[in-house]
Amino acid sequence: MEVARSKVTSKGQIVIPKRLRKKYGIGPNTRVSWVEREEGLLLVPEKEDPIVAAKGMLAGTGILKAYLLEKQEEKKREAVIRGGELS
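The structure is reproduced here in structure tokens:
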């Protein structure tokens with residue numbers, strides 16, 4: 001395991017080394033989570049939700065809304081089959 005170092009700026013910002021950004025797919029607007037652990041902080045890039053990502057591409061078409069409504073109905077049907085429990 002290699003160690004990469006960064007400095008914290010006066011504004012509290014850090015630069016993630018290019019090698020790590022590339023390896024973990026971290027780019028502009030990538031959200032990350034900071035996880036407090038006993039041994040220190042863990043930085044975890046968040047996976048982009050494909051539904052949310054598609055929302056912008058489908059804006060104004062109604063396709064996304066129809067898809068989400070269909071998924072909602074599908075979930076309800078599955079719940080009825082399982083005995084009425086919605087998860």
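Sequential numbering of the sequence shown, starting at 1, is according to the working numbering.
All residues carry an ideal CB built from backbone N, CA and C; glycine is no exception.
Checklist entry - Does DSSP put V80 in a helix, a strand or coil? => result helix
Checklist entry - Whose C-alpha, out of E39, V32, R37 and E38, is nearest the C-alpha of E46? => result V32
Checklist entry - How close, in whole Å, do the beta carbons of V8 and I14 come, if the pair is a contact with beta carbons under 8 Å? => result 6 Å
Checklist entry - What are the residues that DSSP puts in a beta bridge with L42? => result According to DSSP, which records beta bridges pairwise, L42 is partnered with V35.
Checklist entry - In terms of residue numbering, what span does the alpha helix (DSSP H) encompassing K23 cover? => result K18 to Y24
Checklist entry - Quick one: Cα of K12 to Cα of S6, how far? => result For clarity, residue 12 is Gly in the given sequence; the question names Lys instead. Whole-angstrom Cα-Cα distance: 12 Å.
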